[in-house]
Amino acid sequence: MTLFTRDAAPLGHPYWWDDVTWPPLDAALPEQVDILVIGAGYTGLSAAIAAADAGARVAVIEAGVPGQGASTRNGGMVGGHPRLSWDELAQQYGADLADALFAEAGRALGWVQNFIRDEGIDCDYQETGRLQLAFTDAHFANQQRLAPHLIKKGGVDVRLVERAAMQDEIVTPLYKGGLVFPTHAGVHPAKYFLGYLNGALRRGIPVVANCPAEAIEREGAGYRVTISLGEVRADKIILATNGYTNRPFQWFASRVFPVPSYLIATEPLSPNLIGELAPGRRMMVETRARHSYFRVSPDGSRILFGGRAALVGIDLAKAARRLHRTMSEIWPELEATKISHVWTGNTGYSFGHIPHVGEKDGLHFSLAYCGSGTVLAPYLGRKAALQAVGSAEGETPYSKTRFAPRWFHPFARPHFMRAANFWYRSYVDIREASAAQR
Ligand SMILES: Cc1cc2nc3c(=O)[nH]c(=O)nc-3n(C[C@H](O)[C@H](O)[C@H](O)COP(=O)(O)OP(=O)(O)OC[C@H]3O[C@@H](n4cnc5c(N)ncnc54)[C@H](O)[C@@H]3O)c2cc1C
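Residue numbers (numbering that gives the first Met the number 0): 0 to 437.
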């Protein structure tokens with residue numbers, strides 16, 4: 000069977016890009032600004048908006064087209080809780096910081112909801128809730144053990160779904176139960192991104208495309224940044240390059256590494272079939288290390304199915320076949336369903352599996368959302384900007400987490416990718432094995 004529809008989008012073209020028209024970007028880059036933001040995704044644009052609202056002269060430079068990174072490519076699942084459990088955080092950082100990181104998730108989600116409302120962003124925000132699907136009985140037992148902790152220690156609203164009740168959520172024999180986060184939601188990520196871009200443009204912030212920062216030097220109390228067209232001077236810099244961090248940001252590139260994630264969109268399906276497959280219509284993520292995540296598209300017409308392959312990228316046709324196979328294992332009804340889109344993007348991981356906001360030699364940053372950035376990227380980007388302008392509101396527990404390098408990570412070179420891939424695989428395998436034992 001041919002996997003793709005006759006009118007499939009070119010390989011690599013995100014489904015989300017079909018629905019948006021990008022505004023023209025014609026502002027010139029000033030020679031001198033108070034704050035230069037590097038990278039135009041959720042982090043960079045939110046940071047720029049916060050800095051401009053605080054009265055700073057700001058500009059944003061982007062290596063390619065604004066939004067071309069993960070911010071218009073993701074699954075559109077909206078949450079914001081740390082990836083690590085409360086116990087894991089408490090073990091690493093102490094109970095107080097674990098509490099603070101969980102409390103920050105609620106504030107971050109609330110801030111995003113207000114931002115969408117206040118800026119009038121039409122981004123198909125749907126409070127669907129998120130369902131974490133237990134792949135084994137041991138995983139469900141672990142969810143049962145963790146749920147009271149999340150409620151009591153993390154203040155998180157969660158609800159367990161016993162196996163017998165799973166057919167109200169998803170119709171497949173594959174999962175042994177699940178955990179619902181009812182306040183989590185779904186968005187159309189590219190429309191959501193457009194909200195940040197338009198917010199920046201409305202404020203008169205120059206957002207300059209095809210303008211990579213090529214070199215960076217201290218000059219007096221500020222910085223001189225070399226770009227292809229010349230130079231720009233800035234008192235302060237905010238680095239917002241996440242999974243695309245590379246030269247010339249060596250210190251950061253040895254702490255944040257790219258993990259590619261892949262998504263497919265099915266051809267349009269009948270509303271009846273979608274209702275039969277996913278009656279709960281939630282954002283769904285698995286507990287197994289393969290980490291499949293999937294959802295119904297905002298218009299209810301298709302299934303969007305994603306997964307992380309490895310640190311070493313694979314070609315898109317192969318990724319599409321793998322994802323289609325996994326999707327058909329979950330829903331055999333979709334075995335003959337064709338695919339209209341397949342695409343990929345880089346998530347940015349830190350070795351501690353937690354984001355970081357801070358300052359290094361006067362260079363401010365917010366990075367490493369570890370695949371959960373629809374809420375934390377703009378929220379923490381704003382925090383980085385507030386720290387840069389010296390506001391006490393910039394305080395966040397994400398500035399107290401460790402941001403450590405690894406010896407094998409000079410840059411995203413093949414030998415590093417192999418070593419990091421080995422590390423990443425071992426890490427997720429160990430996590431899955433230990434989850435299964437708990
Ligand atoms: C396939 C996929 C699915 C995902 N699904 C979800 C999800 O469902 N829910 C969720 O919460 N998160 C998800 N994420 C993660 C989320 O998309 C990211 O965490 C978030 O978009 C990060 O935003 P950002 O602005 O920090 O980085 P990005 O949007 O990646 O932007 C970084 C930008 O920096 C630019 N840049 C890099 N170097 C330079 C330079 N030298 N000069 C100028 N510019 C530079 C890049 O070109 C890029 O545009 C997913 C990610 C991917 C890839």
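For each residue, glycine too, the CB sits at the ideal point set by N, CA and C. Given the structure is predicted, the values throughout are model-derived calculations rather than measurements.
Examine ligand 1 and report whether any of its heavy atoms sits within less than 7 angstroms of the Cβ of Ser260.
Reading the sequence shown from its first residue, position 261 is the one you call residue 260. For ligand 1, at least one heavy atom lies less than 7 angstroms from the Cβ of Ser260.
If distances are taken between C-alpha atoms only, which option among Gly357, Ile329, Ala318 comes closest to Val341?
Position 342 of the sequence shown, counted from the start, is the residue given in the question as residue 341. It is Ala318.
If you reduce the DSSP assignment to three classes, tell me which class Gly389 lands in.
Within the sequence shown, residue 389 is the residue found at index 390, counting from 1. Here Gly389 sits in coil by DSSP.
Can you have a look at Thr71 and say buried or exposed, based on whether 16 or more other CB atoms are within 10 angstroms of its CB?
For the purposes of this step, residue 71 is taken as the residue at position 72 of the sequence shown. By the neighbour-count rule (16 or more Cβ atoms within 10 Å), Thr71 is buried.
Given 7 angstroms as the limit, tell me if Val526 has its C-beta closer than that to any heavy atom belonging to ligand 1.
With the chain covering only 0 through 437, there is no way to say anything about residue 526.
Return the Cβ separation of Gly177 and Ala133 in integer angstroms, given the expectation that the two are a contact with Cβ distance under 8 angstroms.
The sequence position of residue 177 within the sequence shown is 178, counting from 1. The sequence position of residue 133 within the sequence shown is 134, counting from 1. Their Cβ separation, rounded to whole angstroms, is 6 angstroms, which keeps Gly177 and Ala133 in contact under 8 angstroms.
Closer than 7 angstroms: is that where the CB of Met326 sits relative to any heavy atom of ligand 3?
Annotation note on ligand 3: not contained in the displayed structure, which lists ligand 1 as its ligands.
Confirm the yes/no value for this check: CB of Ile37, any heavy atom of ligand 1, distance under 7 angstroms.
Counting from 1 along the sequence shown, the entry for residue 37 is found at position 38. Under cutoff, so the answer is yes.
Closest by C-alpha distance to Lys359, when choosing among Ala403, Thr336, Gly194, Tyr348
For the purposes of this step, residue 359 is taken as the residue at position 360 of the sequence shown. Ranking the options by Cα distance to Lys359, first place goes to Ala403.
Inter-residue spacing [alpha-carbon to alpha-carbon] between Val64 and Ala199:
Position 65 of the sequence shown, counted from the start, is the residue given in the question as residue 64. Position 200 of the sequence shown, counted from the start, is the residue given in the question as residue 199. If you take the alpha carbons of Val64 and Ala199, they lie about 15 angstroms apart.
Residue of Ala97, Val186, Phe248, Gly306 minimising C-alpha distance to Asp298
Numbered from 1 along the sequence shown, position 299 holds the residue referred to as residue 298. Ranking the options by Cα distance to Asp298, first place goes to Val186.
Following a CB-centred definition, is Glu61 positioned closer than 7 angstroms to any heavy atom of ligand 1?
Position 62 of the sequence shown, counted from the start, is the residue given in the question as residue 61. Answer for Glu61: yes, Cβ within range of ligand 1.
CA-to-CA distance, Ala391 to Phe350, given in whole angstroms
One-based indexing of the sequence shown puts residue 350 at position 351. One-based indexing of the sequence shown puts residue 391 at position 392. If I take the Cα positions, the gap works out to 28 angstroms.
Would you call the segment 163-174 and the segment 22-40 in contact, with 3 or more CB pairs under 8 angstroms?
no
Does the distance from the C-beta atom of Ala387 to that of Gly40 stay below 8 angstroms?
In the sequence shown, counting from the first residue as 1, residue 387 sits at position 388. In the sequence shown, counting from the first residue as 1, residue 40 sits at position 41. In this structure, Gly40 does not lie closer than 8 angstroms to Ala387 by Cβ.
Thr325 - containing alpha helix (DSSP H), residue span
Walking along the sequence shown from the start, residue 325 turns up at place 326. Run containing Thr325: 315-329, per the alpha helix (DSSP H) assignment.
From the DSSP output, read off the bridge partner residues of Gly177.
Sequence index remark: in the sequence shown, residue 177 carries index 178 (1-based). BP columns for Gly177 point to Leu132, Val160.
Whole angstroms is fine: what's the gap from Glu440's alpha carbon to Gly194's?
The chain is shown only over 0 to 437; residue 440 falls outside these bounds and no answer can be derived.
Quick check: what's the CA-CA separation for Arg281 versus Phe114?
In the sequence shown, the residue the question calls residue 281 occupies position 282. In the sequence shown, the residue the question calls residue 114 occupies position 115. The straight-line gap from Cα to Cα measures roughly 23 angstroms.
Can you name the start and end residues of the beta strand (DSSP E) that Asp33 belongs to?
The residue given as residue 33 occupies position 34 in the sequence shown. From DSSP, the beta strand (DSSP E) with Asp33 extends over 31-37.
How far does the alpha helix (DSSP H) with Glu275 in it reach, from first residue to last?
On the sequence shown, position 276 is the one that residue 275 refers to. Here the alpha helix (DSSP H) through Glu275 covers 270-276.
Label Asn209 either buried or exposed according to how many other C-beta atoms from any shown protein chain fall within 10 Å of its C-beta, with 16 as the threshold for buried.
Indexing the sequence shown from 1 puts residue 209 at position 210. Exposed: under 16 other Cβ atoms inside 10 Å.
Compare the Cα-Cα distances from Glu126 to each of Gly75, Ile60, Arg307, Gly347 and report the closest residue.
Within the sequence shown, numbered from 1, the residue matching residue 126 stands at position 127. Considering only alpha carbons, the answer is Gly75.
Alpha-carbon to alpha-carbon, Glu87 and Ile429
On the sequence shown, position 430 is the one that residue 429 refers to. On the sequence shown, position 88 is the one that residue 87 refers to. Since pLDDT at Ile429 reaches only 36, below the 50 mark, its modelled position is unreliable, and the value read off the structure follows with that caveat. The straight-line gap from Cα to Cα measures roughly 14 angstroms.
Expressed to the nearest angstrom, what Euclidean distance is found between the alpha-carbon atoms of Ala233 and Arg223?
One-based indexing of the sequence shown puts residue 233 at position 234. One-based indexing of the sequence shown puts residue 223 at position 224. Going by the C-alpha atoms only, they are around 7 angstroms apart.
Whole-angstrom distance between Ile37 and Phe293, CA atom to CA atom
Looking up residue 293 in the sequence shown gives position 294. Looking up residue 37 in the sequence shown gives position 38. The straight-line gap from Cα to Cα measures roughly 31 angstroms.
Any chance the CB of Pro211 is under 7 angstroms from a heavy atom of ligand 1?
Counting from one through the sequence shown, the residue named residue 211 turns up at place 212. Yes; taking the cut-off as 7 angstroms, the Cβ of Pro211 has a heavy atom of ligand 1 nearer than that.
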